[in-house]
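Per this note's numbering, the sequence shown starts with residue 1, numbered consecutively.
Beta carbons are placed, not taken as given, at the ideal position from N, Cα and C, and that holds for glycine.
Beneath this line is the structure, given in structure tokens, with notes to follow.
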Amino acid sequence: PVAGRPGTLRTPSAMEPRGSAALSDTPYTLFASSSDGRRAGSWPYLCTLLAVLLGTGVHASKEALVPSEKSLEALGLSPVCYSALTITPVALGIVTPLAWGRLWDTRAALVLVGAPLGELVGSGLTACGLLALGARNSPAAAAAILAGLVASSACRAVITIAEFSLVGRVCGRNAAAGFGALVVAKHGMGSLMSWAVPILLGEGALGVAPLLSLQLLLLAPHAIAVCSGAALSVLHRPAAGERGGGDLPEVDSTPREGKVLCAAGRGHGSRDPAAGGAAGEWLEGQSVAVLLIGLWRALEVGTLHAYHSVRVQLAASMGSLSTRSAGALLASNDLVAIALLPLLMLSSRSLNGLRALLVATPVASAVAVAVLLLRVRS
1 PVAGRPGTLR TPSAMEPRGS AALSDTPYTL FASSSDGRRA GSWPYLCTLL AVLLGTGVHA
61 SKEALVPSEK SLEALGLSPV CYSALTITPV ALGIVTPLAW GRLWDTRAAL VLVGAPLGEL
121 VGSGLTACGL LALGARNSPA AAAAILAGLV ASSACRAVIT IAEFSLVGRV CGRNAAAGFG
181 ALVVAKHGMG SLMSWAVPIL LGEGALGVAP LLSLQLLLLA PHAIAVCSGA ALSVLHRPAA
241 GERGGGDLPE VDSTPREGKV LCAAGRGHGS RDPAAGGAAG EWLEGQSVAV LLIGLWRALE
301 VGTLHAYHSV RVQLAASMGS LSTRSAGALL ASNDLVAIAL LPLLMLSSRS LNGLRALLVA
361 TPVASAVAVA VLLLRVRS
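Written out as structure tokens, the structure reads:
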């Protein structure tokens, strides 16, 4: 129903954003207000901060691997094996989000504790494997490192799901700032690891000891993530007298028009026989758009992640730099990119700006790749 009139349906054409209207004025971000009185909505800033901390362990482990390439090669790891090592932590992320997503819908509190705890266990097993490798116990080292990588891979993807879903739920129509905080925290961690890890490992450091020290230090952000997840699971329990068994309470972020269309698609809330068909066509169009955005992200972000895994040593070899200098250079570049993020976020607030970014981003990446290839040839 619209404006209190039962049986009235807003047509899909009336809901299409036009021109450069702000996205905050379109059905994609028109959120119904929440009146459920749950505690989560009362602490949006605290919940956003805890969501940022929830991803510290995952991002620290991932970003620390890149500047460690030289030390891993010193242990005898070939470039092909290093490539496989960079893929392993995210390999199970292809399938595990399906199971984690279903669990998130039913037992979010369990996900908030279990996922970072699994990452902590995986990181601990990897440290045990490095310790066994230093003691020249190769079978034990292989088993522990493999188990650690599998545990981390199984839990890694759900951290991102939890972070963004949580911020979207507790912030509602103001979620853009929360999403920006998550992105800034991720890239900030990358900048920190690019600068700090080469200093910790040292130039030309051989043996397992430097890597073991790094892995032990990485347990700290994982422990912070576990504490953050535990705090979120407590904050997001329904208050006494509310229904639910510990599921994550949320600000209702379903677009009002979307609710109307869903109701019409089921044959409720409308006396117009054509309403259900119109609603179904509109929802089908949205599904196609989501799939296309996913494909865009896979091609654009996936290729950039592949480059990211070798960027430190690539910069060191091309610029005749030490690993420490290359890490510091890339860390400063990351800080410049972080400073530009607010500008990009503001550009994406309009529909035309968002469309321009979807086109401009891969074009800019292609130009950068072409310049890099010319530099390599010369």
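For the alpha helix (DSSP H) assignment, the uninterrupted runs of no fewer than 4 residues enclosed by the segment 170–206 are, from N- to C-terminal side, 175–201. Under the 8 Å Cβ criterion, the segment 57–73 counts as touching the segment 187–195, having at least three qualifying pairs. Classified as buried, proline 221 has 16 or more neighbouring CB atoms from the shown chains inside 10 Å of its CB. Look at serine 378 here: in three-state DSSP terms it is coil, with no helix or strand label. The residue among Thr56, Pro67, Met345 and Ala91 with its C-alpha nearest the C-alpha of alanine 177 is Met345. Nearest neighbour of leucine 372 by Cα position, chosen from Arg311, Leu343 and Ala175, turns out to be Arg311. Considering only Ser347, Ala181 and Arg156, the residue with the shortest C-alpha distance to glycine 168 is Ala181.
At least 8 Å separates the beta-carbon of glutamate 73 from that of alanine 225. Around alanine 154, the same chain offers Leu92, Thr96 and Gly118 as residues with beta carbons nearer than 7 Å, after the five sequence neighbours per side are excluded. Take lysine 186, set aside five residues on each side of it, and the residues of its chain with a beta-carbon closer than 8 Å to its own are Gly55 and His59, in chain order.
Every alpha helix (DSSP H) stretch that sits fully inside the segment 281–366 and reaches 4 residues is listed by chain position as 311–318 and 323–347.
In terms of Cβ geometry, tryptophan 104 and valine 113 do not form a close pair [threshold 8 Å].
Taking one beta carbon from each stretch, the segment 334–341 and the segment 211–220 have fewer than 3 pairs nearer than 8 Å; the two do not touch. Between valine 301 and tyrosine 307, the alpha-carbon positions lie close to 10 Å from each other. Put simply, the backbone Cα of alanine 127 is about 44 Å away from that of arginine 349. Using a Cβ distance threshold of 8 Å, glycine 229 and alanine 157 do not count as a contacting pair. For isoleucine 224, the enclosing alpha helix (DSSP H) starts and ends at 209–235.
Taking a contact to require three or more Cβ pairs closer than 8 Å, the segment 76–91 and the segment 128–142 do not qualify as touching. Taking the Cα of proline 342 as reference, the smallest distance to any Cα among Tyr45, Val184 and Leu358 is reached at Val184.
Secondary structure of arginine 136 (DSSP, three-state): coil. In chain order, Ser228, Ala231 and Leu232 place their CB closer than 6 Å to the CB of leucine 50, counting only its own chain and leaving out the 5 sequence neighbours on each side. In the structure shown, the three-state DSSP call for tryptophan 43 is coil. Contact between serine 165 and glycine 122 is absent: CB atoms are separated by about 22 Å, not below the 8 Å threshold. Contact between alanine 144 and alanine 132 holds, since their C-beta atoms are separated by about 6 Å, short of 8 Å.
Contiguous alpha helix (DSSP H) elements confined to the segment 84–136 occur at 96–106 and 108–134, taking only those with 4 or more residues. Tryptophan 100 sits buried, since 16 or more C-beta atoms from the chains shown fall within 10 Å of its C-beta.
In the DSSP annotation of this structure, the continuous segment of the alpha helix (DSSP H) that includes glycine 57 starts and ends at 56–65. Here glycine 76 carries a coil assignment [DSSP, helix/strand/coil].
Taking each of Cys171, Val52 and Ala196 in turn and checking the Cα distance to threonine 160, the smallest one comes out for Val52. By a beta-carbon distance limit of 8 Å, leucine 304 contacts serine 365. Their separation comes to about 7 Å.
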